[in-house]
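Visitor: Below you will find the structure I want to go over with you.
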């Protein structure tokens, strides 16, 4: 039975009220949270000479050397240049100087990474190394995303957790599958967002105000962030809190219902606790609360100046997150132990105007010809996860090992309604999923004295999913029950050689993703179409070789990785002949079918002088279907309901994946009198890609194929930092997303935005 809350919301509201979260659900997770914020800016515009300072041979060398970045890609703390895999890290200081608040802003043009933003911020599709479902994904993400110890990709078909990036320690981008350590969803790679611990030493904090104007927007973008942390017991326990409000002004206009309808407001609070209980024991806790509300999606009619499609109503959406995590850690001479507990509760709501789709059917059920069909939906997911892991101490030579146990439960409810007079719910669905997952994992390695290290790992997972799916079509329910149970095994093998500052490696890794059941689709009488009950779990192998090298007395780091991936029987979201979507396994009707990916990444970071730092990266991805297949491209004759299945030929590129991604940044420090200042800039390039496997007119559009430029300049006046910026300085407006539901609409990147950010630190 569908939630009556949906009907009440449809009949009574225009702004989508939210139900407060039960704080007791988070009490079992943590008690505390988050420390000092910061922000700032980074990037471009002029240059001046740095005033002379007294130099010695030592400080000249140190001033031009690149610093060491420590990451936890292998769930150990290691210098990034010594980790035998393709890893990129963006530090919190870099994020603050650039003034970014989202993953799209933090990782633009990253080699091998694509973030295809959908109609809303939470419907984006993230892909690494050409491993992706379509932009309308019903399946689990192909990228595992962690926020501290919180695994957010356990949820299936929920969109992504879009956490605002304030008070961040670093973002770690791990390219390639690491399901041995990170479990399901880590097919293409993993993104780890690590927030800052509060300071144990002294009270500190910051306040930030940002104002900017987007080309074509009627209002100002506004950003307000405040952060403070303080020791509770000096050197032992500290607590911090960060609060923020970010309003992105709308720039899409509706023909009859108003201008700037796609305004988005994000509000949130994060609390952090960190305690060094003894010399061996420490604890860190996080509580996250965030609410995103939008007046409408950001799609518009192609060929227009951001004009939305005609609708009878606006289509607002919202996304609310309540989450918490706590990690207890023991570090001793014999081993390290970590207990990581996390919980999150995420609710997304949306309204959509389906008058054009359902209108022709209404009069046959006694509804007036001018009936408006407003569909409303709510998705809620509650996930609890617990991980215990043991790790050997770090050694220069000898045996290394790790072992762990992971357990999670997930309860997901996904309801939609189209309420009309007399009939009630004209068309909708009600689905619920109860999923349990248990895994044991471990790795074993040996470091030889000659610099060679060998490592192998294995993860055994058991999961069950009990689903109840009901389709309501023209007032009549069609229930269905389904159960999935699988036991995937994911190994990993690697060998590396360390020579001074350089590391050379080769590895083979397997990734997997949980399966997905389908709710029954609406199939008109006479239409010849059979829908699968589910899409089973899929897996892939990636074989990779790479080199991480340091040059010119550690002034230059140059990293290269080359890989090939064989994706077996991938899950894809495909269109039924009716236009509805469902999840299917490519190999169900095409034995042996899969996706082959070949590519490489090059990352460069250089510090030619103490004042100048530059970076650049390029990624090439060739992701293609490995044989002729059917099922991805169907067309229906509207008169006879005859279904024609077209062959998708071998070599067809996977949708949403550009062959080329690249970026470059530069930052130059100087002084204005005695005031530190900087200028900088960044450029990102995303190659072209297809939006759809279908070939019918209007189904597929070539998207992407653009280059964007960001500029920044800033100055520090004691504790106050001022930054001027221009994002998308050339005001490029590429199409990056397509919705084929008539009339066709597209999405783009945000137009040129110019503004100022002031940050005060204490």
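In the numbering used here, the protein residues as written are 120 to 881. Backbone N, C-alpha and C fix where the C-beta goes; we use that ideal spot for every residue, glycine too. Just so you know, these numbers come straight off a predicted model, no measurement behind them.
Using DSSP with H/G/I as helix, E/B as strand and the rest coil, what is residue 197?
Guide: Residue state, collapsed to three classes: strand.
Visitor: Does the beta carbon of residue 732 sit closer than 8 Å to a beta carbon anywhere in chain B?
Guide: Given the protein chain composition of this structure (a single chain), no chain B is represented.
Visitor: Go to residue 212, then tell me how far its alpha helix (DSSP H) extends in each direction, as first and last residue.
Guide: Counting along the chain, the alpha helix (DSSP H) containing residue 212 begins and ends at 211-217.
Visitor: Kindly give me the distance between the Cβ atoms of residue 822 and residue 856, rounded to whole angstroms, as I take these residues to be in contact under 8 Å.
Guide: With 8 Å as the limit, residue 822 and residue 856 qualify as a contact, their Cβ atoms being about 7 Å apart.
Visitor: Under the rule that 16 or more other beta-carbon atoms within 10 Å means buried, what is residue 699, buried or exposed?
Guide: It counts as exposed.
Visitor: Would you kindly check if the distance between the Cβ of residue 320 and the Cβ of residue 291 is under 8 Å?
Guide: No, the Cβ-Cβ distance between residue 291 and residue 320 is not below 8 Å.
Visitor: Between residue 200 and residue 667, how many whole angstroms is the CB-CB distance? I'm expecting something under 8 Å.
Guide: Rounded, the Cβ-Cβ distance is 5 Å, consistent with contact.
Visitor: Under a three-way DSSP split, which group does residue 119 fall into?
Guide: Outside the modelled stretch of the chain, which goes from 120 to 881, sits residue 119, for which no answer is possible.
Visitor: Looking only at its chain, what residues have a beta carbon closer than 6 Å to the beta carbon of residue 386, apart from the 5 residues adjacent to it on each side?
Guide: Here the set comprises 364 and 410.
Visitor: Between 504, 694, 568 and 832, which has its C-alpha nearest residue 554's C-alpha?
Guide: Measuring from the Cα of residue 554, the nearest candidate turns out to be 504.
Visitor: Look up residue 370 in the DSSP assignment and say whether it is helix, strand or coil.
Guide: It is coil, neither helix nor strand.
Visitor: Which residues does DSSP list as the beta-bridge partners of residue 343?
Guide: Bridge partners of residue 343: 328 and 364.
Visitor: Counting Cβ pairs closer than 8 Å, one from the region 418-429 and one from the region 447-458, do we hit at least three?
Guide: Result no; under three Cβ-Cβ pairs closer than 8 Å.
Visitor: Starting from residue 826, trace the beta strand (DSSP E) both ways and give me its first and last residue.
Guide: Residue 826 -> beta strand (DSSP E) spans 821-836.
Visitor: Looking at the unbroken alpha helix (DSSP H) that takes in residue 492, where does it start and where does it end?
Guide: Neither: residue 492 is in no alpha helix (DSSP H) and is coded neither H nor E.
Visitor: Would you kindly work out how many angstroms separate the C-alpha atoms of residue 380 and residue 431, rounded to a whole number?
Guide: If you take the alpha carbons of residue 380 and residue 431, they lie about 14 Å apart.
Visitor: Give the straight-line distance between the Cα atoms of residue 591 and residue 545, rounded to the nearest whole angstrom.
Guide: Cα to Cα, the separation comes out at about 7 Å.
Visitor: Please tell me whether residue 656 and residue 632 are closer than 8 Å, where the distance is taken between their beta carbons.
Guide: Yes, the Cβ-Cβ distance between residue 656 and residue 632 is below 8 Å.
Visitor: Can you look up residue 627 in the DSSP assignment and give me helix, strand or coil?
Guide: Strand.
Visitor: Go ahead and pull the three-state DSSP assignment for residue 220.
Guide: Reduced to three states, the DSSP call for residue 220 is coil.
Visitor: Which term fits residue 708, buried or exposed, when burial requires 16 or more other beta carbons within 10 angstroms of its beta carbon?
Guide: Looking at its Cβ environment, which holds fewer than 16 other Cβ atoms inside 10 Å, residue 708 is exposed.
Visitor: Could you tell me if residue 159 is buried or exposed, where buried requires 16 or more neighbouring beta carbons within 10 angstroms of its beta carbon?
Guide: Model confidence at residue 159 stands at a pLDDT of 30, short of 50, so the residue's coordinates are unreliable and nothing is read from them.
Visitor: With the cut-off set at 8 Å, would you say residue 228 and residue 782 are in Cβ contact?
Guide: A contact, by the Cβ cut-off of 8 Å.
Visitor: Using C-beta distances below 8 Å, list every residue in its chain close to residue 712, excluding the 5 sequence neighbours before and after it, in chain order.
Guide: Excluding sequence neighbours, residue 712 sits near 688, 705, 706, 744, 745, 746 and 748.
Visitor: Per DSSP, residue 584 is paired with what?
Guide: In the DSSP output, where bridge partners are listed per residue, residue 584 has 554 and 603.
Visitor: For a test of the three-state rule: what should DSSP assign to residue 597, helix, strand or coil?
Guide: Of the three classes helix, strand and coil, the one that applies to residue 597 here is strand, per DSSP.
Visitor: Quick check on this structure: which residue in 671, 194, 445 and 184 has the alpha carbon closest to the alpha carbon of residue 509?
Guide: The shortest Cα separation from residue 509 among 671, 194, 445 and 184 belongs to 194.
Visitor: Does residue 791 pass the burial test, meaning 16 or more other C-beta atoms within 10 Å, or should it be called exposed?
Guide: Residue 791 is exposed by the Cβ-count criterion.
Visitor: Taking 8 Å as the cut-off, decide whether the C-beta atoms of residue 878 and residue 327 are in contact.
Guide: Yes, the Cβ-Cβ distance between residue 878 and residue 327 is below 8 Å.
Visitor: Spatial neighbours of residue 345 within its chain, please: C-beta separation below 6 Å, excluding the five flanking residues on both sides.
Guide: The residues are 326 and 362.
Visitor: Closest to residue 702 by CA distance: which of 661, 725, 650 and 736 is it?
Guide: Of the listed residues, the one whose Cα sits closest to residue 702 is 650.
Visitor: If distances are taken between C-alpha atoms only, which option among 539, 564, 524 and 567 comes closest to residue 557?
Guide: Of 539, 564, 524 and 567, the residue nearest in Cα terms is 524.
Visitor: Who does residue 308 pair with in a DSSP beta bridge?
Guide: Bridge partners of residue 308: 262 and 294.
Visitor: Under 7 Å Cβ to Cβ from residue 612, same chain only, skipping five residues before and after it: list those, please.
Guide: Excluding sequence neighbours, residue 612 sits near 575, 626 and 627.
Visitor: Once DSSP output is grouped into helix, strand and coil, what is the label at residue 272?
Guide: Here residue 272 sits in helix by DSSP.
Visitor: State the DSSP-derived secondary structure class of residue 459, mapped to helix, strand or coil.
Guide: Of the three classes helix, strand and coil, the one that applies to residue 459 here is strand, per DSSP.
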